[in-house]
Structures are given as structure tokens and as C-alpha cells.
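J.:
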Amino acid sequence: MIQRLLMLVLAAGLAAGCSNTIRGAGQDTANVVNATQSAGQNVGNAAAY
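All residue numbers for the sequence shown refer to my numbering, where the first residue is 4 and numbers rise by one.
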């Protein structure tokens with residue numbers, strides 16, 4: 004009984020860690036997209052001068 008409870012707690016912790024990693028990867032991807040868009044705008048503005 005204690006082993007099953009321990010395994011359940013371990014599995015829940017592992018799942019929480021994975022979801023946190025997925026969220027972090029999503030935020031990193033969004034930051035890359037924003038930086039790329041900003042760089043493109045800077046190049047566009049420089050070309051306009």
C-alpha cells in the first residue's frame with residue numbers, strides 16, 4: 004500500500020515537472036519569435052532611411 008502511494012506521488016511529481024518544461028519551451032519559442040520579428044522591423048526601418 005505504501006509503495007503504491009509512493010509511486011503515485013512520484014508519478015505526479017514527474018508529470019508536474021514535464022508540464023513545467025513544456026511551458027518553459029513554449030515561452031522560449033515565443034521569445035525567439037518576438038526577437039525575430041523585432042530584428043526584422045529594425046532591418047526594415049534601417050532600409051527606409
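C-beta: ideal position from N, C-alpha, C; glycine also. No experiment lies behind these values; they were computed from the predicted model shown.
#1: Tell me the rounded alpha-carbon separation between Ala50 and Gln44.
#2: Look up Thr4 in the DSSP assignment and say whether it is helix, strand or coil.
#3: Would you report the Cα separation of Thr24 and Gln30, rounded to the nearest angstrom?
T.: Result, derived from the coordinates:
#1: 10 Å
#2: Per the sequence shown, residue 4 should be read as Met rather than Thr. Coil at Met4, not helix or strand.
#3: 10 Å
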